[in-house]
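Number of protein chains: 2
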Amino acid sequence: MSRLDSFIRRVTAQRACLDYAAQLIDGQDGVVLEVGLGNGRTFDHLREIMPDREIFVFDRQVASHPDSTPDEDHLFLGDLPDTLARAAEDLPQPAILVHSDIGTGNAEWDARMAEMMADVLPRVLKPGAVVVSDQKISLADAEDISLPAGVQKGRYFFQTYRGR
Amino acid sequence: MSRLDSFIRRVTAQRACLDYAAQLIDGQDGVVLEVGLGNGRTFDHLREIMPDREIFVFDRQVASHPDSTPDEDHLFLGDLPDTLARAAEDLPQPAILVHSDIGTGNAEWDARMAEMMADVLPRVLKPGAVVVSDQKISLADAEDISLPAGVQKGRYFFQTYRGR
Ligand SMILES: C[S@@+](CC[C@H](N)C(=O)[O-])C[C@H]1O[C@@H](n2cnc3c(N)ncnc32)[C@H](O)[C@@H]1O
Ligand code: NI
Ligand code: NI
Chain A
3 MSRLDSFIRR VTAQRACLDY AAQLIDGQDG VVLEVGLGNG RTFDHLREIM
53 PDREIFVFDR QVASHPDSTP DEDHLFLGDL PDTLARAAED LPQPAILVHS
103 DIGTGNAEWD ARMAEMMADV LPRVLKPGAV VVSDQKISLA DAEDISLPAG
153 VQKGRYFFQT YRGR
Chain B
3 MSRLDSFIRR VTAQRACLDY AAQLIDGQDG VVLEVGLGNG RTFDHLREIM
53 PDREIFVFDR QVASHPDSTP DEDHLFLGDL PDTLARAAED LPQPAILVHS
103 DIGTGNAEWD ARMAEMMADV LPRVLKPGAV VVSDQKISLA DAEDISLPAG
153 VQKGRYFFQT YRGR
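In order, the protein sequence lines correspond to chains A and B.
Residue numbers for the first sequence follow the working numbering, so the first one is 3 and each next one is one higher.
Residue numbers for the second sequence follow the working numbering, so the first one is 3 and each next one is one higher.
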C-alpha cells in the first residue's frame, strides 16, 4: 500500500466517521465541538452534514482555507486545555458531539494531549454525548462504540459519555 | 459537497490517473518523470505500481516525507525549466511517462508554467510517451487521451506524444 493509498484510506475513513457520528446524535440537543481546525476540511464537512447545529472550533491559530473558517463567535483560539476550560463556562449548551483530530505523529506528545482531553472533556459534555477522536482518549464514565463499517480498528475511536 | 468530499474525490481521481497511466505504458521502454514531489505521496505510489522503472523527480526543494524521498541520483533539484533542460542531457533514456502536478491555484502562474512545460517537455519525451498533468499542457505533436473511468473532465489531463 503506497502512502497515497493509505492517505486515501485515512480521509475516507474520517468522512465515514463524521457521517456516522452525525447519525448517532440525530435528534438530540447540544452543540458540536471541532477540536483542531487545521485546514478546515472536516469543519466544512461537519457544517454541511449538520446545517442546523452550532459548531464551535478550537485551535491554537487559524490556518484554514478562507471558505472554511468559523466566525469569531464560534472560535476558541489558544491552547487546549485553556480554551476547553473557557468553553465550559461560555458555551450556550453542553456538547452532544466532539470531534478531536489533534494527533501530531509524536507518540509522547499525543499521549499527553489525550490524557489532557480525558481530564477536561467531561466539563463540556452532555450525558449521551459522542466523542470521536483520532487518538484514544480514556474518558471515565464512557463506553466504546463500534466503528462504522469499513473503518479499520485503531484508525478512529468512538465513545459515548454516560455522564456522572 | 464539502471540502472534505471534494478533497477525497481529488486524491482518488489522482490515484486512478496514475494507475491508468502505468497501464498505458506497460511493456514500453523509458524512464518516468515525477514533476513536483511535494510531500511525496504520488512519487511513493508511482514507485509502488512500477517497481521496475527508474523514476526521476523534479522539485525546487525536498519537502517530502522521509519514506518518500528519492535518492540524489534520481532527483533534479532547482527551478523548472532549468532542471528539465538538464534532464534532457543527463537522463539515461527519454521518458515514457511524465506526471506533472505543479498547480498552485494561481491561474496566471499556472498558465505560465504549463506553457513552459509545453516548450520543454519534448526534449525529454520518447515518441509514444504519456503525459499526465493537473494543468492543461498544450503540447505540440500530441493527442489527447480520454480520462480513466470516474475521473471528472478537467481534473486531470492525459495526452500521448507522437514525437516529431
Ligand atoms: C502539489 S505539490 C506536488 C504533490 C505531489 N504530486 C503529491 O501529490 O504528493 C507541487 C510541487 O511542485 C513544486 N513546483 C512547482 N512549481 C515548480 C517550479 N517551477 N520548479 C520546481 N518545482 C516546482 C513545488 O515545490 C511543490 O513541491
Ligand atoms: Ni475555495
Ligand atoms: Ni512513514
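Glycine included, C-beta positions come from ideal geometry on N, C-alpha and C.
Beta-carbon gap between residue i and residue j smaller than 8 Å
i                     : j                     : result
residue 57 (chain A)  : residue 13 (chain B)  : no
residue 160 (chain A) : residue 146 (chain A) : yes
residue 19 (chain A)  : residue 132 (chain A) : no
residue 151 (chain B) : residue 122 (chain B) : no
residue 65 (chain B)  : residue 78 (chain B)  : no
residue 37 (chain A)  : residue 82 (chain A)  : yes
Residue of the options minimising C-alpha distance to residue i
i                     : options                  : result
residue 127 (chain A) : A:162, A:66, A:136       : A:162
residue 51 (chain B)  : A:51, A:3, A:70, A:157   : A:3
residue 107 (chain B) : B:157, B:132, B:98       : B:157
residue 72 (chain B)  : B:130, B:134, B:35       : B:35
residue 46 (chain B)  : B:68, B:28, B:33, B:31   : B:68
residue 91 (chain A)  : A:41, A:138, A:124       : A:124
residue 165 (chain B) : B:109, B:112, B:88, B:98 : B:98
residue 6 (chain A)   : B:38, B:17, B:39, B:78   : B:17
residue 139 (chain A) : A:49, A:84, A:112, A:77  : A:112
residue 105 (chain A) : A:117, A:96, A:94        : A:117
residue 137 (chain A) : A:27, A:110, A:22        : A:110
residue 25 (chain B)  : B:39, B:8, B:40, B:48    : B:48
Chain-ordered neighbours of residue i on chain B, where CB pairs are closer than 9 Å
i                     : result
residue 42 (chain A)  : 5
residue 145 (chain A) : Residues of chain B passing the Cβ test: none, with the nearest at roughly 27 Å.
Chain-ordered neighbours of residue i on chain A, where CB pairs are closer than 9 Å
i                    : result
residue 74 (chain B) : Going along chain A, no residue has its Cβ under 9 Å from residue 74 (chain B), so there is no contact; the nearest lies around 20 Å.
residue 69 (chain B) : 5
Partner residues on chain A for residue i, Cβ-Cβ distance less than 8 Å
i                    : result
residue 17 (chain B) : 6, 7, 10
residue 13 (chain B) : 6, 9, 10, 13
6 Å Cβ shell around residue i - same chain, five flanking residues per side excluded
i                     : result
residue 55 (chain B)  : 34
residue 135 (chain A) : 102, 159
residue 70 (chain A)  : 42, 45, 46
residue 95 (chain A)  : 32, 33
Interface flag, residue i vs chain A, CB-CB below 8 Å
i                    : result
residue 47 (chain B) : yes
Interface residues of chain B facing residue i [CB-CB closer than 7 Å]
i                     : result
residue 200 (chain A) : It is not possible to answer for residue 200 (chain A), since the shown part of chain A is limited to 3 through 166.
Proximity test, residue i beta-carbon vs ligand 4 heavy atom, cut-off 7 Å
i                    : result
residue 10 (chain A) : Ligand 4 is not among the ligands present in this structure, which contains only ligand 1, ligand 2 and ligand 3.
Same chain, Cβ closer than 7 Å to residue i, neighbours up to 5 away in sequence not counted
i                     : result
residue 129 (chain B) : 163, 164, 165
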